[in-house]
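Input: a single structure, listed below in structure tokens.
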Amino acid sequence: QVFTFNRVEIRVQPSLKVKNGAPMSIICHADISKNTDFQLKHNFTIFKDGKLVFMTISDKEDARYEIPVAKSSDTGDYECTVKADGKIGFSNSIYVWVAGMTKPILTADKREVLEGEVVKLRCELPEEVPPLEFFFRKIKTNSAPKEKRVPEQNQNFSEVEYYVEEGDNILQFDCFGKRQVRSGWESSQHSNKTLVTVKEPFIKPTLITKPSSNVTEGDKIEFECSTVVAQIRDIEIIFQKNRTILNSVRDKKILKYSTVATQEDSGEYLCKVEQGAVSKTTKLNVFVSELFPKPMLSASMTKLDESKDLTLSCSINGFRRANFSIVRKSSSGDILLKNSRVWEVKVNVNDTGSYTCKAEVKGIVKESKPVRINVYAPVSKPTLSVVNGSPEVVLGKPLQLICHSVMGTPPITFTFYKGDEIKKNVTNDTYATFLDEDIGLNDNGGYKCDARNNHSSGVKSSNILNVTVIVPIRDASLGSVPYGEVEVGSDTAFLCSVKEGSWPIDFKFFKKTDHEVLLHEVREYSDRTIWHKKTMKRRDTGTYYCMASNRASVDVRSRPITISVILAAWQKGVIAAFVLTAMAGAGAVALWWFLRKKKKAKGPCMEMSGSALTPNLTNEKLPRQPSDGNYYSGSGYIEDNENHMKSTDDSKGPDLESAEVDYTEVEVSTLDPHR
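10 is the number of the first residue of the sequence shown in the numbering used here; add one for each residue after it.
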């Protein structure tokens, strides 16, 4: 029994798009080829979105998954597999869309509420599968609906709460749902509308004034705020003006507030009634006419010297019948000076401050604008000094001066002078500083400062401050006499000089070794100095330099010079005489040795047999001995003898082989190993 799967296919009836609520069938078909006609069991499995939804075993080649009422949750990707006798076939995937959603159901926990209460709503899509999105709407007459969106990932219903606001009379609520499909978002129908009736817990408050809303300063004015409530518990009435709470009551239907009217009481008043989350307000404008204008305070002088007379007087334009008082303002409170229109005093510096006057009519008190009085003590003679203490400045560096007055009422104006030229004006309490950044070579004095304030005594001047300008060292150089080479035992003069620099100048002489060695130092009121070094020695050979500095605190170093200490002329003569004497002695010894060797060379007897070569050998070799240095080469005799023998043998011609060989005996002197 042989079979094979040709293909496995899946299809849907009536179509791939099915209306919500209509019947739907998913059919899985296996196309199989067999070699004979035999029965074969098929195991059909249908999946939706990868999850098993149907399974059956049949000997037929088709299997049907029936869905009597299609819902939107049946939308998805379907595929099937068929197993038979160990073999398996797979279908392609098809997308089935069940169009439309079920109508949602909306319920409310209350059908009648008070303002400030909360209505809880529940919207349900009973046949839908999450994730879903729910939309709730609050519908008011003559206004646009207020909508709330609530996503739900794990359930097919959602709940929200709506706050009932002031003015909500009859409310309607509905809801609808959405789900996401492959082509986008699909919406359901709107639910049934749910009606909710709203009742007021209290009415809008009433605010009145007695005797009226237009009063005059000094009149008594009374405010009354009332409301009608359904339940007196937790009711609160608040009375305020410009965000300031003037009075409040709880668990009462009426609030009263009274005061003596002043011009500052003009403005908008507000009565607010609150219960729970509900709040209602009523506003009222009040105008208070002026009874009398504000008083005015005048002073005989506002700036005066100490010990002078001061008069303060208080008045009201067109109104004289009032109770006056003059006070001085203080951080700790007002200080009463006198209950009168006029106050006179001989002032001192402690009387500096702000003063006002007050006027009272029919219990209404008004205060004038403050008047500032300044009492001045004269400035003392200022002192001018350099900030760092020393009356010196380095050329090119800034100079900071300070001018200070011990006495005097601030503000004090300080003026700085350089010569007759004004450089700076500074207003401060007790001192001022001046930074002169333009220091020249000739700026050696002429600084002063003035101090003045508003006292009538005028300007006080400091003493003139003379400042010394220090010129920094520039271009140090070092020389010596003699220069370069110095004989041992002689003296050397080192000259260190600078091109520019203020006196005194500190000169230092150094020699370079593995580390710097200070040889000599001196302070000079000059631009140069000479150092005499006595009795130079060979170890004084080396590199020298000098360094110069002054009160500018800048060390300037010269270029180095090299000194070589050599032998004196008489020392060179002694050494030359000694060397020549030694050379003459050596030459005499060499001549004696040479003559002795020559005599020995002629003494020995050389016997030669059957040869006429001996004279030639003696005549050729001995005259060459002096050119060979202080020794003889023994191998030279043997070499010449052999060569001579060869030339003699060659002269014999063809008879050489039959001739007898003659031998020559030579006695050679041995070499002296010490030479």
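Note that the Cβ used here is the ideal one computed from N, Cα and C, for glycine as well. Here the structure is a predicted model, which is why all the values come from computation and not from measurement.
Can you find the residues in the same chain that come closer than 6 Å, C-beta to C-beta, to residue i, ignoring five residues on each side of it along the sequence?
i	result
A286	G125
G510	V480, I482 and N559
S298	T225
C505	L487, F516, T538 and C555
V11	N44
S102	D86 and E88
S257	I247
H199	D183 and F185
V565	I482, A485 and A557
P407	L444 and E446
Measuring only the C-alpha atoms, how far is residue i from residue j?
i	j	result
T320	G455	46 Å
V205	V159	21 Å
G467	G428	21 Å
L264	E156	40 Å
D83	F56	12 Å
I246	I217	14 Å
T13	E137	41 Å
F53	R191	27 Å
N625	L589	With a pLDDT of only 40 at N625, under 50, the local geometry of the prediction cannot be trusted, and no value is derived from it.
G113	C89	What sits at residue 113 in the sequence shown is Pro, not Gly. Whole-angstrom Cα-Cα distance: 33 Å.
I5	I66	Lying outside 10 to 684, the shown extent of the chain, residue 5 is not represented and no answer is given.
F518	T550	15 Å
T268	S221	13 Å
G638	W602	Reliability fails at G638, whose pLDDT of 37 lies under 50, so the model's placement of it is uncertain and the value that follows must be treated cautiously. Approximately 12 Å between the Cα atoms of the pair.
R188	S24	21 Å
C184	F211	31 Å
T418	P400	29 Å
N472	F503	47 Å
C132	F166	6 Å
P420	S389	13 Å
S693	A557	The question about residue 693 has no answer, for the chain in this structure spans 10 to 684.
T365	A460	33 Å
V282	I244	7 Å
F6	T116	Given that the chain is displayed from residue 10 to residue 684, the structure contains no residue 6 and the question cannot be resolved.
Ordered along the chain, which non-local residues of its own chain (more than five positions away) have a Cβ less than 7 Å from that of residue i?
i	result
K508	R483 and D484
N15	D40, I41 and S42
Q272	E226, V297 and E299
S465	D314
What residue does the beta strand (DSSP E) around residue i start on, and which one ends it?
i	result
H685	No answer is possible for residue 685: the residues shown for the chain start at 10 and end at 684.
E530	E525 to E533
A561	Careful: A561 lies outside any beta strand (DSSP E) and carries neither H nor E.
E156	K155 to E161
S394	T392 to V395
E142	L141 to I148
F328	No beta strand (DSSP E) contains F328, which DSSP labels as neither H nor E.
E430	E430 to N437
W540	R537 to K542
V574	I570 to I575
Return the bridge partner residues of residue i from the DSSP annotation.
i	result
M33	I76
T268	I230
K347	I335
A368	F333 and K375
T203	F182
L279	Q249 and K292
Going by the CB atoms, is the gap between residue j and residue i shorter than 8 Å?
i	j	result
C234	C280	yes
V107	N29	yes
Y385	N462	yes
Q181	K202	yes
I572	V495	yes
I335	T361	no
V396	T442	yes
N437	T424	no
E175	K289	yes
L404	L444	no
V207	Y171	no
T544	G498	yes
V122	V173	yes
V380	T311	yes
V32	V78	Here the sequence assigns Pro to residue 32, which means Val is not the residue at that position. Against a cut-off of 8 Å, the Cβ pair of V78 and P32 comes out as a contact.
With a CB to CB cut of under 8 Å and the five nearest residues on each side skipped, what residues in its chain are close to residue i?
i	result
N326	P302 and M305
K347	S334 and I335
E70	H38, A39, D40, I41 and H51
N251	G276 and E277
Below 7 Å, is the gap between the Cβ of residue i and the nearest heavy atom of the ligand GTP?
i	result
I421	Only the bare structure without any ligand can be found here, which leaves the ligand GTP out of the picture.
Cβ of residue i less than 8 Å from any chain C Cβ?
i	result
I76	Considering every chain present, this structure includes no chain C. It has just one protein chain.
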